[in-house]
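Notes follow the structure.
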Amino acid sequence: MIELDLRYKRLNTIFSQLFNEIAMKLRGQFTRFVDDMSKEYFDNLDWWVEGPASRNNLVSPLFYRFCCIHLVKELIESGSKLERIVCDSAELNRILQALKVNKGARFEVEGPEGELPKFHHYLLKSAKSVLRVWKRLNSQFRAARRTKYLSPVQHKKDLILIDVFVFPGFVTKDRYYNGLWETLNSEQKKRTFFVPTLVMMKEDQFEAAYKELRTADRNFLIKEDYLRFSDLLFSLFHLIRVWFIRPSPQEVMGVDLSPLVREEILSGRGFDSALAGLLNYRFAKRLKEKSFELSLVIDWFENQVSDKGWNAGFNKFYPDVISKGYRGSVPPLLYICSSSPSEVELRSGVLPLIISVIGDGYLDSTKELASSLMVEKAPAFRFKHLWDNGERVSDKSKCTILIALSIFIDESVYILKLVSMILESIDLEEYRFHVSPHPTMSSETLRRKFGDDWPQSFNIVKGVNELLATSDILISGGLSSICLESVAQGIPVIVVENPFGFSCNSIPVNIGEHLWQSCRTYEDISNCIMRFKNMDAEQIVINKRLSERIRTDYFEPVTKEGVQRFLELELN
């Protein structure tokens, strides 16, 4: 008898492989499902900045639950003896009950019950979110005002705006467009402004961040200098406006899934992201009112709700200005909002005019679900080091294994726990283990979450790009771009699958497993380490040729000519 746990990111590990196979099959169907709902709210920005419309399955549970429903259907039809299902959604509970009746199955469903909240209950719950966000944004806006005197008088003619995120350790240190600024001449620099969004910062860090931005060598245009109190109110009232979003019935397998969508909208789980998208929209409006003349607008494009707000704003208020979405990272296919923009998103104006990808290998795949999308090739700024580095040199006295962790703490700890399980079965004198946390994660947080049994052989390090070049094997979760970076340098990769939900692998499906392998257990990891450690000279030569082809196909070099084409500048 089978007990199935469908709580968000709590899936039984024994079903993870089947779940991910189902997810890969359903990418297109789910996008069409969301597109069909979106047609009703084509011009409604409040819809587009909500989780269901975003298709961002890393933060919205809709695609996860969509796949869960199909997983249950497949288990029923395969004759599996389902006895009990646990879920964490009242609407999913009802859908599973209906599916059970439709399929004549006999299992119990345990989970929340009850109806969607009444309006006054919803308002009371929303008020808590409003007060929390108001406190934070008020602190941020006040910090911006206190430092505004440091910014020089603003030019307004023929500007290029480039969207960028800043966070502790990377306020003015460039993490997104490495090499772009250095290729510009003095006149081009006067026109080029980075537009920062502050993320992952505590309130007492805002003022120092704004001071650093305003006195930097690069030009930064501060959104908070132009946004008004009314813009903040407009964004906060999103929580009221979404109450009136009631998607029409959308049946899947004979069951209406629209209540599942409304449940997520009323949960308020994506309020902070929605607010960022709406403020981006109003920022474009304020620039137009201030008579800013723009020649190009560039969004750091992952097709999240903040991107949708940015693109909706500049498309509306600057319809004659070229807008580009620079997809400067390596999106896994199951990160569906980024890897696969949709046709309805394009027609609704929440996508940029042009998507700029970082290599030839992404030109066709980006148009998979939006054939009329304009896609161009642009320099791979974040991966400039792949072309700058010389011949890779590693220390042959030991096998150096780099464990590169993602932004998600639970996934990071899970990977480390798996690797730690193999330490007793290997000769540690033959290995060194470098652990590289995500830049937003402190080593103290990582150690605390791991527990008291932190292995002495795990050496926490920084500077992942430099360390990768001297490593022999990389271990990582598939979501990180470093997996493809690694195989592009001929360094074998062990991709540890996420056992509790989506396993997002950034290595394109057409790259064979000569240089990488997906692993689910510590035994898999151990066997894979042995395989890569003991490669013969012939296989190493083959891998080198393969890596050179991967680098050429997926990482466009950063050149002056490439930067000028990307920024729509005259070639000189």
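Counting from 1, position 558 in the sequence shown corresponds to residue 544 in this note's numbering; the numbering is continuous, with no gaps. Backbone N, C-alpha and C fix where the C-beta goes; we use that ideal spot for every residue, glycine too. Source: prediction; values computed, not measured.
Among the options, the one whose alpha carbon lies nearest that of residue i
i	options	result
Gly295	Leu102, Ile511, Leu264	Leu264
Arg118	Leu207, Phe49, Asp258	Asp258
Val316	Ile459, Ala474, Ile71	Ala474
Ile148	Tyr508, Leu261, Ser309, Glu210	Ser309
Met407	Leu470, Pro305, Val157, Asn513	Asn513
Ala130	Tyr212, Ser467, Arg433, Tyr108	Tyr212
Lys(-5)	Tyr400, Met187, Ser492, Leu110	Tyr400
Pro318	Val481, Leu246, Ile459, Ser277	Val481
Pro91	Leu359, Asp396, Ile71	The question names Pro, yet the displayed sequence has Ala at residue 91. Ranking Leu359, Asp396, Ile71 by Cα distance to Ala91 puts Ile71 first.
Leu553	Leu280, Arg248, Phe220, Leu454	Leu280
Thr587	Val185, Glu168, Lys121, Met186	The question about residue 587 has no answer, for the chain in this structure spans -13 to 558.
Asp21	Leu332, Ser428, Ser472, Lys353	Leu332
Leu166	Ile511, Ala455, Lys370	Lys370
Gln121	Cys54, Glu189, Phe215, Leu372	The sequence given here places Lys at residue 121; Gln does not occur at that position. The shortest C-alpha separation from Lys121 is found at Glu189.
Leu402	Met360, Gly449, Pro441	Pro441
Asn43	Gln290, Glu410, Arg272, Thr426	Gln290
Arg418	Asp458, Glu430, Val95	Asp458
Cys385	Ser443, Phe1, Leu532	Ser443
Lys67	Thr201, Met(-13), Arg434	Met(-13)
Glu288	Lys435, Leu261, Ser342, Gln174	Ser342
His106	Leu225, Lys435, Arg161	Leu225
Glu210	Lys134, Arg517, Lys276, Leu31	Lys134
Glu69	Glu96, Glu499, Ala262	Glu96
His404	Tyr108, Phe269, Leu339, Ile511	Here the sequence assigns Leu to residue 404, which means His is not the residue at that position. Minimum Cα distance to Leu404 is reached at Ile511.
Leu555	Pro478, Glu173, Ser383	Glu173
Nearest-angstrom beta carbon gap, residue j and residue i [assumed within contact, 8 angstroms]
i	j	result
Arg13	Asp74	Their Cβ separation, rounded to whole angstroms, is 24 angstroms, which puts Arg13 and Asp74 out of contact at 8 angstroms.
Pro38	Glu250	6 angstroms
Ala298	Trp34	7 angstroms
Lys111	Pro103	7 angstroms
Leu218	Leu123	6 angstroms
Pro154	Gln126	No, Pro154 and Gln126 are not in contact; Cβ-Cβ is about 14 angstroms, not under 8 angstroms.
Arg51	Leu246	6 angstroms
Thr426	Met187	The Cβ separation is near 10 angstroms, so there is no contact.
Arg232	Arg255	Wrong, their Cβ atoms sit about 18 angstroms apart, outside the cutoff.
Val157	Ala195	5 angstroms
Asn484	Glu397	6 angstroms
Val562	Pro182	With the chain covering only -13 through 558, there is no way to say anything about residue 562.
Leu470	Ser422	Actually they are not in contact, since the Cβ atoms of Leu470 and Ser422 sit about 16 angstroms apart, beyond 8 angstroms.
His500	Asn529	6 angstroms
Residue i - DSSP class collapsed to helix/strand/coil
i	result
Asn297	helix
Pro182	strand
Gln236	coil
Gly263	helix
Gln174	helix
Asn88	helix
Ile408	coil
Glu96	strand
Ile(-12)	strand
Val343	strand
Tyr417	strand
Val549	helix
Cys73	coil
Phe223	coil
Asp242	strand
Ser428	coil
Phe1	helix
Phe19	helix
Phe28	coil
Phe206	strand
Any non-hydrogen atom of the ligand SAH closer than 7 angstroms to residue i Cβ
i	result
Cys505	The model depicted lacks the ligand SAH and carries no ligand whatsoever.
**Asked** Unbroken beta strand (DSSP E) runs of length 3 or more, entirely within the stretch 350 to 406: which are they?
**Response** Listed in chain order, the beta strand (DSSP E) runs fully inside the stretch 350 to 406 are 360 to 363, 385 to 390, counting runs of at least 3 residues.
**Prompt:** Which ranges does the alpha helix (DSSP H) cover as unbroken runs of at least 4 residues, wholly within the stretch 32 to 71, from first to last along the chain?
**Reply:** Listed in chain order, they are 37 to 40, 48 to 63.
**Message:** For the pair the stretch 7 to 27 and the stretch 315 to 332, tell me if three or more CB-CB distances fall below 8 angstroms.
**Reply:** Short answer: they touch.
**Prompt:** Are the stretch 364 to 371 and the stretch 538 to 554 in contact at 8 angstroms, needing three or more beta carbon pairs?
**Reply:** The stretch 364 to 371 makes contact with the stretch 538 to 554: 3 or more CB pairs, one atom from each, lie closer than 8 angstroms.
**Prompt:** Taking one C-beta from the stretch 272 to 289 and one from the stretch 524 to 534 each time, how about it: are there three or more such pairs within less than 8 angstroms?
**Reply:** Below 8 angstroms, too few C-beta pairs join the stretch 272 to 289 and the stretch 524 to 534 to call them touching: fewer than three.
**Prompt:** Would you say the stretch -8 to 9 touches the stretch 482 to 490, given that touching needs at least three Cβ pairs under 8 angstroms?
**Reply:** Touching, yes.
**Request:** Note down, one range per segment and in chain order, each alpha helix (DSSP H) of at least 4 residues found wholly within the stretch 265 to 337.
**Result:** With a minimum length of 4 residues, the continuous alpha helix (DSSP H) runs that stay inside the stretch 265 to 337 are 291 to 303, 322 to 325, 329 to 334.
**Prompt:** Are at least three pairs of beta-carbons, each pair with one atom in the stretch 126 to 139 and one in the stretch 200 to 209, less than 8 angstroms apart?
**Reply:** Counting Cβ pairs under 8 angstroms, three or more are found: they touch.
**Request:** Enumerate, from N- to C-terminal direction, the unbroken beta strand (DSSP E) stretches of 3 or more residues contained entirely within the stretch 441 to 469.
**Result:** Secondary structure within the stretch 441 to 469: the beta strand (DSSP E) runs of 3 or more consecutive residues, fully enclosed, are 444 to 446, 459 to 463 (chain order).
**Request:** Let me know the beta strand (DSSP E) ranges lying completely inside the stretch 103 to 180, each 3 residues or longer, listed in chain order.
**Result:** If only complete runs of 3 or more residues are kept, the stretch 103 to 180 shows the beta strand (DSSP E) at 145 to 152, in order along the chain.
**Prompt:** Three or more C-beta pairs closer than 8 angstroms, one from the stretch 238 to 245 and one from the stretch 63 to 82: is that the case here?
**Reply:** Output reads yes: the stretch 63 to 82 touches the stretch 238 to 245.
**the stretch 381 to 395 touching the stretch 450 to 468, judged by at least three CB pairs closer than 8 angstroms** = Cβ pair count under 8 angstroms is three or more, so yes.
**Prompt:** Are at least three pairs of beta-carbons, each pair with one atom in the stretch 528 to 541 and one in the stretch 331 to 347, less than 8 angstroms apart?
**Reply:** In the pairwise beta carbon analysis, the stretch 528 to 541 is classified as touching the stretch 331 to 347: at least three pairs are separated by under 8 angstroms.
**Asked** Are the stretch 56 to 70 and the stretch 489 to 506 in contact at 8 angstroms, needing three or more beta carbon pairs?
**Response** Touching, no.
**Prompt:** What residue ranges within the stretch 474 to 518 form continuous alpha helix (DSSP H) runs of no fewer than 4 residues, ordered along the chain?
**Reply:** For the stretch 474 to 518, not a single whole alpha helix (DSSP H) run of length 4 or above is found.
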